[in-house]
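Shown next, in structure tokens, is the structure this report addresses.
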Amino acid sequence: MKIYIKGIDNEIIMENIFISGSKSESNRLLILQKLFDGITINNLSDSDDTHHLQHALFTNDISINIGHAGTAMRFLTAFFAAQSNRTVTLSGSERMHQRPIKILVDALRSLGAEISYTKKDGFPPLQIRGKKLTKNNVKINGNISSQYISALLLIAASLPNGLSIQLLGDITSIPYIKMTLSLLNRVGVSTNFEGQYIHVKPYVKPKEQALVVESDWSSASYFYSIIALSKVGSEIRLSSYSKESLQGDSVLAKIYLHFGVETSFKENSILLRKTKESSKDLLKIDLNKAPDIAQTIAVTCFGIGISCNLNGLHTLKIKETDRLEALQKELSKLGAIISVTDNSLNLKASSKINSNISIETYNDHRMAMAFAPLAIKTPIQILDAGVVTKSYRNFWEDMQQIGFQFNKL
Numbered sequence: 268m269k270i271y272i273k274g275i276d277n278e279i280i281m282e283n284i285f286i287s288g289s290k291s292e293s294n295r296l297l298i299l300q301k302l303f304d305g306i307t308i309n310n311l312s313d314s315d316d317t318h319h320l321q322h323a324l325f326t327n328d329i330s331i332n333i334g335h336a337g338t339a340m341r342f343l344t345a346f347f348a349a350q351s352n353r354t355v356t357l358s359g360s361e362r363m364h365q366r367p368i369k370i371l372v373d374a375l376r377s378l379g380a381e382i383s384y385t386k387k388d389g390f391p392p393l394q395i396r397g398k399k400l401t402k403n404n405v406k407i408n409g410n411i412s413s414q415y416i417s418a419l420l421l422i423a424a425s426l427p428n429g430l431s432i433q434l435l436g437d438i439t440s441i442p443y444i445k446m447t448l449s450l451l452n453r454v455g456v457s458t459n460f461e462g463q464y465i466h467v468k469p470y471v472k473p474k475e476q477a478l479v480v481e482s483d484w485s486s487a488s489y490f491y492s493i494i495a496l497s498k499v500g501s502e503i504r505l506s507s508y509s510k511e512s513l514q515g516d517s518v519l520a521k522i523y524l525h526f527g528v529e530t531s532f533k534e535n536s537i538l539l540r541k542t543k544e545s546s547k548d549l550l551k552i553d554l555n556k557a558p559d560i561a562q563t564i565a566v567t568c569f570g571i572g573i574s575c576n577l578n579g580l581h582t583l584k585i586k587e588t589d590r591l592e593a594l595q596k597e598l599s600k601l602g603a604i605i606s607v608t609d610n611s612l613n614l615k616a617s618s619k620i621n622s623n624i625s626i627e628t629y630n631d632h633r634m635a636m637a638f639a640p641l642a643i644k645t646p647i648q649i650l651d652a653g654v655v656t657k658s659y660r661n662f663w664e665d666m667q668q669i670g671f672q673f674n675k676l
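Each residue of the sequence shown is one higher than the last, beginning at 268 in our numbering.
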């Protein structure tokens with residue numbers, strides 16, 4: 268499906284957009300719910316990734332395909348490795364089979380797991396022969412995707428001797444590690460994270476509890492971009508959010524002050540309001556703790572016409588696509604002066620935006636949603652627009668509710 272989008276000339280006033288639960292929180296809690304009795308989850312994410320994970324956890328199939336769901340691939344690799352007397356083959360999309368998983372497999376093998384590659388060494392598909400893992404010490408690099416570390420943490424309390432993880436070198440994406448630990452604590456698991464070591468004790472005292480998933484801050488980023496690109500006075504209210512968020516992407520509230528967008532925390536919601544014009548100063552930030560919002564920020568800067576220097580982006584190379592390369596290609600088509608390295612993106616201020624450009628999405632939901640707000644500045648076409656269901660099923664409907672106009676091609 269292709270969508271041709273036209274933006275909004277007037278200021279935006281939108282009373283409430285409800286965004287479903289955080290994909291990151293939902294997927295972690297689903298693993299814990301399957302491992303431990305008594306957990307009920309409310310406001311689950313409606314994303315494709317979460318649907319794939321739910322299906323995988325509750326099916327008896329011996330062959331499981333998780334499509335583009337990278338989080339599900341990492342979490343399920345660890346989950347099935349620790350399931351005694353269960354053998355599964357875990358596969359995904361063509362792109363998933365290009366995304367490395369060797370670091371996690373090696374860590375699990377060091378604990379005694381039996382995992383083999385069915386095609387190319389270091390990459391899915393995987394054949395996993397589940398068994399009881401009694402070893403309780405593992406080492407893993409700290410500067411890799413936090414999903415590898417979280418995958419180990421999620422099964423840690425189900426192991427008979429718990430688990431101690433030594434993180435080697437610099438540690439990136441700490442907010443996602445802390446999110447996993449906070450959710451473990453919430454369900455009654457004892458953990459300790461100090462320096463380069465994380466210790467998780469075996470889960471010994473299940474308790475019945477209902478947990479509510481906070482709405483997804485990554486999804487909120489597109490509305491921050493919309494307000495930043497809109498006229499002063501524009502505002503949108505989003506539900507359901509907390510000031511004490513576990514999600515690293517909640518740093519949006521601070522970053523978008525640069526663009527004149529203020530965030531007010533109300534009861535169970537946030538109000539985004541553009542109170543002044545954006546600063547024209549260079550935006551220079553390290554996003555190693557929140558890499559998923561890099562695309563949104565880069566497009567916002569281009570739409571406003573300011574320079575940015577974004578660092579800490581090394582994990583974007585192994586996402587649904589190489590996001591740095593994809594950003595460079597698509598922003599260049601729009602007229603941007605942009606350069607990227609393996610870890611950074613540099614965008615020069617530009618006042619010109621080419622019109623009626625078709626944006627390739629590369630099977631990446633965040634490419635589609637990050638570029639959509641740019642329609643406020645110029646009509647734009649999004650190719651393979653249906654890819655948004657990976658994380659935000661109602662994105663286009665919510666855009667229409669705000670006032671964006673669409674033609675499906």
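Glycine residues also receive a C-beta, built at the ideal position from the N, C-alpha and C atoms.
Nearest neighbour of residue 284 by Cα position, chosen from 321, 650, 491, 579, turns out to be 491.
Here residue 388 has no same chain residue with a Cβ atom under 6 Å from its own Cβ, once five neighbours each way along the sequence are excluded. Rounded to the nearest angstrom, the Cβ distance from residue 371 to residue 323 is 16 Å, too far for a contact under 8 Å. The Cβ atoms of residue 485 and residue 560 lie closer than 8 Å to each other.
Contact annotation: residue 602 and residue 619 have beta-carbon atoms nearer than 8 Å. Contact between residue 390 and residue 414 does not hold, since their C-beta atoms are separated by about 15 Å, which reaches or exceeds 8 Å. Counting other Cβ atoms within 10 Å of its Cβ, residue 464 stays below 16 and is therefore classed as exposed. The way I'd put it, the region 423 to 441 does touch the region 464 to 482; three or more beta-carbon pairs between them come closer than 8 Å. CA-CA distance, residue 462 to residue 341, rounds to 24 Å.
Residue 471 and residue 346 have their alpha carbons spaced roughly 19 Å apart.
Residue 344 and residue 617 have their C-alpha atoms spaced approximately 45 Å apart. If you look at residue 405, you'll find it in the beta strand (DSSP E) that goes 404 to 408. Taking residue 651 as reference, the option from 640, 660, 642, 626 with the minimal CA-CA separation is 626.
In the three-state scheme derived from DSSP, where H, G and I count as helix and E and B as strand, residue 311 is classed as coil.
Residue pairing by DSSP places residue 607 opposite 612 in a beta bridge.
If you look at residue 522, you'll find it in the alpha helix (DSSP H) that goes 519 to 522. Under the three-pair Cβ rule at 8 Å, the region 654 to 663 does not count as touching the region 573 to 583. For residue 335, the three-state secondary structure derived from DSSP is coil. As DSSP reads the structure, residue 563 sits in no beta bridge.
Straight through space, the alpha carbons of residue 518 and residue 479 are spaced by roughly 21 Å.
Counted as a single uninterrupted DSSP element, the beta strand (DSSP E) harbouring residue 395 occupies residues 393 to 396. Residues 578, 579 of the same chain have their beta carbon placed closer than 7 Å to that of residue 553, with the five preceding and five following residues left out of the count. Taking residue 621 as the centre and dropping the five residues before and after it, the same chain places the C-beta of 601, 602 closer than 6 Å to its C-beta, in chain order.
Using a C-beta cut-off of 8 Å, the region 518 to 532 makes contact with the region 542 to 557, since at least three inter-stretch Cβ pairs fall below that distance.
Counting along the chain, the unbroken beta strand (DSSP E) around residue 577 starts and ends at 575 to 578. Excluding sequence positions up to five before and after residue 386, its CB lies within less than 8 Å of the CB of 364, 392, all in the same chain and listed in chain order. Approximately 6 Å separates the beta-carbon atoms of residue 329 and residue 355; this is inside 8 Å, confirming the contact. Under a 10 Å Cβ-count criterion, residue 609 is classified as exposed, with fewer than 16 other Cβ atoms of the shown protein chains found around its own Cβ. A residue is called buried once 16 or more other Cβ atoms fall within 10 Å of its Cβ, and residue 483 is buried on that count. Looking at 291, 421, 313, 380, the one whose alpha-carbon comes closest to that of residue 516 is 291. Contact between residue 531 and residue 538 holds: their C-beta atoms lie close to 4 Å from each other, under 8 Å.
If you look at residue 281, you'll find it isn't in any alpha helix (DSSP H); it sits in the beta strand (DSSP E) that goes 280 to 285. Around the beta carbon of residue 337, 16 or more other beta carbons sit within 10 angstroms, so the residue counts as buried. The three-state secondary structure of residue 591, taken from DSSP, is helix. A straight-line Cα-Cα distance of about 12 Å links residue 459 and residue 444. Residue environment: residue 569 is assigned as buried (16 or more neighbouring CB atoms within 10 Å of its CB, all protein chains considered).
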